[in-house]
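Chains as they are written, first to last, in UniProt numbering: chain A, 1 to 218; chain B, 1 to 218; chain C, 1 to 218; chain D, 1 to 218. Think of the CB as a built atom: it goes at the ideal place given N, C-alpha and C, for glycine as much as any other residue. Okay, so here's the structure we're looking at.
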DNA sequence: TATGAATGAGCATTCATTCAT
DNA sequence: AATGAATGAATGCTCATTCAT
């Protein structure tokens, strides 16, 4: 998406661009997009606020590029999984793993996405977020539904509600996950899958517990 | 909670205050705190921006009152559960139910909390969020640990990771839950508990699946 | 100056008016007119800001009345002195004494006058300050000039410059004079007159000192 | 005197800063600090209000710099005088001369000081005004007391009252003195000293007048 | 490549004032 | 005689953005 009226960064210098976007993403994630000043980003990059406009059209444009880059890479991985012809359960597991890998590689972008997407979709510039969201929902929901159909997933769950729970469960991890921390993305994924697939309760023969006591509370 | 010098809304008129806080909370939740202008709140309330200051000291003060009100009510419910001497699993279930009830009653406040808490704790005025957070973690974590001890919860899960998983999943529901929607908070809680306690996978199959395929991927 | 459109204080209740003006004058003097909020005055008077408008047309109107009252009383005393047919020197002394008495009785008003008059005269409402100022200058200047003419005052002083020094000398005392303090207004006047009339230097026969060393500095 | 985070006017461009402070000082002096809007200062400088913040942290910061610059220069001159080992009377004369020179060079700052100092000292930022005030009083008072001790000044005057008298008279001159007017600062100082040291009354007359008529009035 | 200086729109907040009760 | 609630204009200040150099 080169040149409009101003020349902008001469297409070259993409390394510096990436570097700047990286700084920006970290600040956006840490402070929130609205609360982040262009000056703050420039400070982090060791330049003056105005100088950023040599590389980017606007603050919004920086945000857009950060999110696009993240989503492009995410979908590459997702599409590979979805096109692999795996069983629903294995697909489910693979999607979770890829999600944690995306968090690992694009933590700031994921956090920004989580915090800001809702407001952003109101702007034309960020309509692509909506498209991604829709595609995302379709991928997960159909995986769940196929799983129910082939009896890999329980039939008594509302798939839409389950979808939301699972989706949030995965992505919210970006708020506390730290790359190079105790667990690799694959290990975190394993734990998550263990919980989501098999539950946290100890299994036993009597079904008593299967029906939580909430019923009597309503 | 009386104020410094200004009498402000003469202590009476608490109805109007609550009404205004309600409008404010909805805007804060929908648009984000920083992005919300007091003009916007005033517009929604049918008054001029300056008039809000008859009732509230500042925009921050509104936010504080919104969050305090929510947390106060949440802790009343939580404390009742925690002091009831229930088994870990029943405690867990009850906490989940109360959480969804809080979301039902204070959805905007919960959403604000989710989105803004991280930035807010840097301000003295919002240190109480940190205190609440700590107490919250203690309550959940100890419930999980007690559950593991008495073999109501699986011993092979990292309790801290499980805690985050549960915490996030529950509260993130505020972003999509709509009061008066299809499900009551208790019904949502039931579905959630069903998933979290027992997993979404169909049981009593071969144990092969218990070990997800991720291992072979790293 | 009764009623314009609004009834205002029913002409009666002049005691309450005076009380309120007194509070107002003290705040104006202490904090400065612009920096004084109507709310602050009302607080001091134990009422709400809006309630002041039952008694006064506006904040400006309060200020006007405070200054008018002061100047009216000052001129009554000044006129008595000026009309008494006294010698220039005795007139001078009497004017100084009356000035300190005015400070004693209207300290806040004097302070306000000192601080604000310059800005106020730009407004029509306060043109009377200019008139008073002119009359004031005439009274003092002519006294000084008459004194020079009859050789009661030194002929080698620039009367305009001397006028300004004397004028300021007297009135600036309002900034530190405290009624009921160590000195009565008459005693302060005596000290001031002693300095201004006879100087603070010890008198001696040689005139050497009469010519300060500043000449060699220019 | 570097600033917190913002580099502000990149340390260079001190000429523009001084120019702007000059405009600001004139407005502060003419209109009063509180009554001065930053828009007004910006107008005078031919820029927009917000642009001032490229050079200065705040309106307060401008005021501070104006007053500090003035006081720094004043104390340089005062200290030179005080350290010169002059007799009390010559010290007195020299301090007066330096005061009028300061008025000549920093008239707006002096006027601002006169009008605003009392309110400003309440703020931490302006505590240095208090320090200067204390040092100032010590310098003048000790000069007067030394003068009394060596019989250069009359012993029958209250030195504190005399101090205030002299202090006020000198500085209030800033309200009417106009640089490039009829008199140089040295000439004004000469006239002032003539009055204050020797009095305005014609000497060697009968002593009857030495005791003003006030006594009979109390 | 970047800076320095400025813009202009917008923001939270203050405050004198109004007026029905 | 005073209150409670609101107005509306102004204020100090911030910030994304521009552009000549």
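### Query
Any chance the segment 32 to 47 of chain A sits against the segment 110 to 123 of chain A, with 3 or more Cβ pairs inside 8 Å?
yes
### Query
What is the rounded straight-line gap between the Cα of residue 25 of chain A and the Cα of residue 186 of chain B?
39 Å
#### Entry: residue 206 of chain B to residue 87 of chain A span [Cα, whole Å]
In this prediction, residue 206 of chain B has a pLDDT of 40, which is less than 50 and means its spatial position is unreliable; what the coordinates show is noted afterwards. Approximately 16 Å, taken between the alpha carbons.
### Task
Answer with buried or exposed for residue 51 of chain B, where buried requires no fewer than 16 other C-beta atoms within 10 angstroms of its C-beta.
exposed
#### Entry: Length of the line joining the Cα atoms of residue 97 of chain C and residue 191 of chain C
11 Å
### Task
Can you give me, in chain order, the residues of the UniProt domain "HTH tetR-type" (14 to 74) of chain C that have a beta carbon less than 7 Å from any beta carbon in chain D?
31, 32, 34 and 35
#### Entry: Cut-off 6 Å between Cβ atoms - residues of its own chain near residue 168 of chain C, not counting five sequence neighbours on either side
none
### Task
Name the one or two DSSP bridge partners that residue 153 of chain B has.
A:201
#### Entry: Sequence-distant residues of its chain with Cβ nearer than 8 Å to residue 213 of chain A (five each side left out)
Its pLDDT being 42, under 50, residue 213 of chain A is placed unreliably in this model, and the value from its coordinates should be taken loosely. Counting only Cβ-Cβ distances below 8 Å, and skipping sequence neighbours, we find nothing.
### Task
Check whether the Cβ atoms of residue 103 of chain B and residue 29 of chain B lie closer than 9 Å to each other.
no
### Message
Tell me the residue span of the alpha helix (DSSP H) that contains residue 87 of chain C.
### Response
It is not in any alpha helix (DSSP H) - residue 87 of chain C carries neither H nor E in the DSSP assignment.
### Task
Could you pull out every residue in the same chain whose Cβ sits closer than 8 Å to the Cβ of residue 184 of chain D, ignoring the five residues on either side in sequence?
104
### Query
How should residue 107 of chain B be labelled, buried or exposed, when 16 other C-beta atoms within 10 angstroms of its C-beta is the threshold for buried?
buried
### Task
Apply the 10 Å Cβ neighbour rule to residue 37 of chain A and answer buried if 16 or more other Cβ atoms are within range, or exposed otherwise.
exposed
### Message
For the structure I just gave you, are there three or more beta carbon pairs, one from the segment 58 to 74 of chain C and one from the segment 128 to 135 of chain C, closer than 8 Å?
### Response
yes
### Message
Measuring straight from C-alpha to C-alpha, what distance separates residue 54 of chain B and residue 13 of chain B?
### Response
11 Å
### Message
Would residue 95 of chain C pass as an interface residue toward chain D - the criterion being a Cβ-Cβ separation below 9 Å?
### Response
no
### Query
Does the beta carbon of residue 54 of chain C fall short of 8 Å from some heavy atom of the ligand GTP?
Among the components modelled here there is no ligand, and therefore nothing to report on the ligand GTP.
### Query
What is the rounded straight-line gap between the Cα of residue 161 of chain C and the Cα of residue 85 of chain C?
25 Å
### Query
Contact check, residue 196 of chain C vs residue 199 of chain D under 8 Å by CB: the rounded distance?
6 Å
### Cβ shell of residue 145 of chain A (< 7 Å), same chain only, five flanking positions each side left out
159
### Task
Using a Cβ-Cβ cut-off of 9 Å, state whether residue 89 of chain D counts as contacting chain C.
yes
### Query
How many Å lie between residue 140 of chain B and residue 148 of chain B at the Cα?
12 Å
### Query
Quick one: does residue 191 of chain B have its CB under 9 Å from some CB of chain A?
yes
### Query
Cβ of residue 99 of chain A less than 9 Å from any chain B Cβ?
no
### Task
Tell whether a beta-carbon distance below 9 Å holds between residue 152 of chain B and residue 27 of chain A.
no
### Query
Should residue 150 of chain B go down as buried or exposed, given a rule of 16 or more other Cβ atoms within 10 Å for buried?
exposed
### Query
Can you list the residues of chain B that residue 135 of chain A reaches, using a CB-CB cut of under 8 Å?
Result: empty, since nearest Cβ-Cβ is about 18 Å, beyond 8 Å.
### Query
Can you tell which of C:156, C:20, C:128 and C:164 has its C-alpha closest to the C-alpha of residue 72 of chain C?
C:128
#### Entry: Where residue 125 of chain B meets chain A, residues with beta-carbon distance less than 9 Å
The premise fails here: residue 125 of chain B is roughly 16 Å from chain A at the closest Cβ pair, so nothing lies under 9 Å.
### Test item: CB-CB of residue 47 of chain B and residue 56 of chain B under 9 Å
no
### Query
At what residues does the alpha helix (DSSP H) containing residue 108 of chain C begin and finish?
107 to 120
### Task
Mark residue 76 of chain D as exposed unless 16 or more other C-beta atoms lie within 10 angstroms of its C-beta, in which case mark it buried.
exposed
### Query
Taking just the CA atoms, how far does residue 44 of chain B sit from residue 113 of chain D?
46 Å
### Below-9 Å beta-carbon distance, residue 78 of chain D vs any chain C residue
no
### Message
Within the continuous alpha helix (DSSP H) that includes residue 64 of chain C, where are the two ends?
### Response
59 to 82
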